[in-house]
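What follows is one structure encoded as structure tokens, with my remarks underneath.
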Amino acid sequence: MRIALTHTRLRTEERLLLDSFEELGVSITPIDLRTVVFDPADPGEWTSYDVVIDRSVSLTASLVALRFLETFGVRCVNSRRAVEVCSDKLATTLALTRAGVPTPGVRVATDHESGLRAVEEIGYPAVLKPTVGSWGRLVARVNDRDAAEAVLEHRGALGSAQQGVFYVQEHVNKPGRDVRVFVIGGEPIAAITRSSTHWVTNTARGAVADGLEITPELRSICARAAAAVGAEVVAVDVLECPERGLLVNELNHSMEFRNSITTTGVNIPEHVARHVMRTTGGTIARRLTTIREGATA
Amino acid sequence: MPEQITTVQAACPECDALIAFERPPLNGQVVRCTDCSVELEVTSINPIRLEVAPEVEEDWGE
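Line by line, the protein sequences are chains A and X.
Residue numbers for the first sequence follow my numbering, so the first one is 13 and each next one is one higher.
Residue numbers for the second sequence follow my numbering, so the first one is 106 and each next one is one higher.
As structure tokens, then:
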């Protein structure tokens, strides 16, 4: 069996994934997408891979590679569709809503004036997010009309067409934390809470992670969310709304997990490797190993 | 005979601190300098070379 892992930088997560495959006795080739030239008329070596694991931190590079690979019938984890849906907050909201998965209320507009109306429809406080982006970048909570006007104007001045899409989300009065659940092959395998005194509870913004037991309700909503976006390997971010219960906020198709292994006691990269092997028809040479201690340089 | 451990080392291009790799580094690997905290990328493994890693771009994420 031949497996490739595509990336644009090899972080701890990618090294842990490479290690997990190798510990299962499987050879895996890391491929830096920045070095690749794709020929639409000739897939070359790519079709010799039984599966390609997409771990590019650049969404643009991911989508270029996935479009190319899937055109030539190469199995990708995650699939192009899953990446397209998870990477775009509007697409995620549409997929979750169509599947009946509870999610915060959203309005979307593409003009300053209609953007302001979208905020007013949601009500204050509202949360403005770019449709594409991660790690809490350019996420803003607006408490009144003055703030909304200022944020919309600043977004418009950024010069990026992408920032001209105003994705306005209901502010959920969560209890100082959100929940992240790792779902592999449709099965929630581990969960953490991310706590912060700041309203943005992202570990990239300093939130502190703790392990969390997966309740039947959490298991159900996360499995449904992963199915709704068609993702095989995904982190589901969930908000605990005092009024509406669990709400799926977003899904991450190329999740970070280095700090969640010791926190949860679950060997997340090994679960990923085993899932990929199982679903690609590979033979696993070794039994489950013990949990490795966190990250390495 | 005890196993001989060879540690790969390279200088941080920002502060010149010595960065030691416990395992053989890979091309594209990202590490953080323990002295100046700058994020570095391995751009060559033979010989070992480190460069300051690119800044986060708009489409980067999870």
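Ideal placement from N, C-alpha and C gives every residue a C-beta, glycine not left out.
If we ignore side chains and look at the alpha-carbon of each, how far apart do Ala73 of chain A and Thr20 of chain A end up?
Your numbering for residue 73 of chain A matches position 61 in the first sequence. Your numbering for residue 20 of chain A matches position 8 in the first sequence. Straight-line Cα distance between these residues: approximately 8 Å.
Practice task
In angstroms with no decimal places, state the Cα-to-Cα distance between Thr205 of chain A and Pro152 of chain X.
Solution key: The residue given as residue 205 of chain A occupies position 193 in the first sequence. The residue given as residue 152 of chain X occupies position 47 in the second sequence. Cα-Cα distance, rounded: 42 Å.
Would the stretch 219-231 of chain A count as touching the stretch 188-196 of chain A if we require 3 or more Cβ pairs under 8 Å?
Yes: at least three Cβ pairs fall under 8 Å.
Item checked: Span of the beta strand (DSSP E), counted from its first residue to its last, around Asp190 of chain A -> Here residue 190 of chain A corresponds to residue number 178 of the first sequence, with the count starting at 1. Counting along the chain, the beta strand (DSSP E) containing Asp190 of chain A begins and ends at 189-196.
*Under a Cβ-count criterion, where at least 16 other Cβ atoms within 10 Å of its own Cβ denotes burial, should Val193 of chain A be classed as buried or exposed?*
If you number the first sequence from 1, residue 193 of chain A lands on position 181. In summary, Val193 of chain A is buried, with 16 or more beta-carbon neighbours lying within 10 Å of its beta-carbon over all protein chains present.
message: Run through the DSSP bridge pairs and tell me what Thr139 of chain X is partnered with.
response: The count along the second sequence starts at 1 and reaches residue 139 of chain X at position 34. Checking the DSSP bridge columns, you'll see Thr139 of chain X has no partner listed.
* Run the CB neighbour count on Asn214 of chain A, radius 10 Å, all protein chains shown included, and call it buried at 16 or more, exposed below. => Here residue 214 of chain A corresponds to residue number 202 of the first sequence, with the count starting at 1. Classification for Asn214 of chain A: buried.
Between Glu182 of chain A and chain X, is there a C-beta pair that is closer than 8 Å? Counted from its first residue, the first sequence places residue 182 of chain A at position 170. Glu182 of chain A does not count as touching chain X.
Original post:
If contact means a Cβ-Cβ distance below 7 Å, which residues of the stretch 123-143 of chain X contact chain A?
Top reply: Correct list: Phe126, Glu127, Arg128, Leu131, Asn132, Gly133, Gln134, Val135, Val136.
**Prompt:** What residues in its chain sit with their C-beta under 8 Å from that of Ala116 of chain X, if we drop five residues either side in the sequence?
**Reply:** As a working mapping, residue 116 of chain X is identified with position 11 in the second sequence. Excluding its 5 nearest sequence neighbours in each direction, Ala116 of chain X has C-beta neighbours in its own chain below 8 Å: Ala122, Leu123, Ile124, Leu155, listed in chain order.
Quiz item: Cβ-heavy atom distance between Arg14 of chain A and the ligand SAM below 7 Å?
Solution: Absent from the structure shown: the ligand SAM. Ligands present: none.
For Ala158 of chain X, would you say it is in contact with chain A, using Cβ-to-Cβ distances shorter than 8 Å as the test? Counting from one through the second sequence, the residue named residue 158 of chain X turns up at place 53. Residue-level contact check: Ala158 of chain X touches chain A, since one or more beta carbons of chain A fall below 8 Å from its beta carbon.
Within chain A, partners of Glu146 of chain X - CB distance below 7 Å = Here the question's residue 146 of chain X lines up with position 41 in the second sequence. Within 7 Å Cβ-Cβ: Arg21.
**OP:** Quick one: which residues of the stretch 262-289 of chain A get their C-beta closer than 7 Å to a C-beta of chain X? List them in chain order.
**Re:** Listed in chain order, the positions of the stretch 262-289 of chain A with a beta carbon within less than 7 Å of a beta carbon of chain X are Asn264, Ser266, Met267, Glu268.
Coil, strand or helix - Lys101 of chain A by DSSP:
If you number the first sequence from 1, residue 101 of chain A lands on position 89. DSSP places Lys101 of chain A in helix when its eight states are reduced to three.
| query | Applying the criterion that 16 or more other CB atoms from any shown protein chain within 10 Å of the CB defines a buried residue, is Gly145 of chain A buried or exposed? | reply | As a first step, residue 145 of chain A must be located in the first sequence, where it is residue number 133. Burial of Gly145 of chain A is indicated by the presence of at least 16 other C-beta atoms within 10 angstroms of its C-beta.
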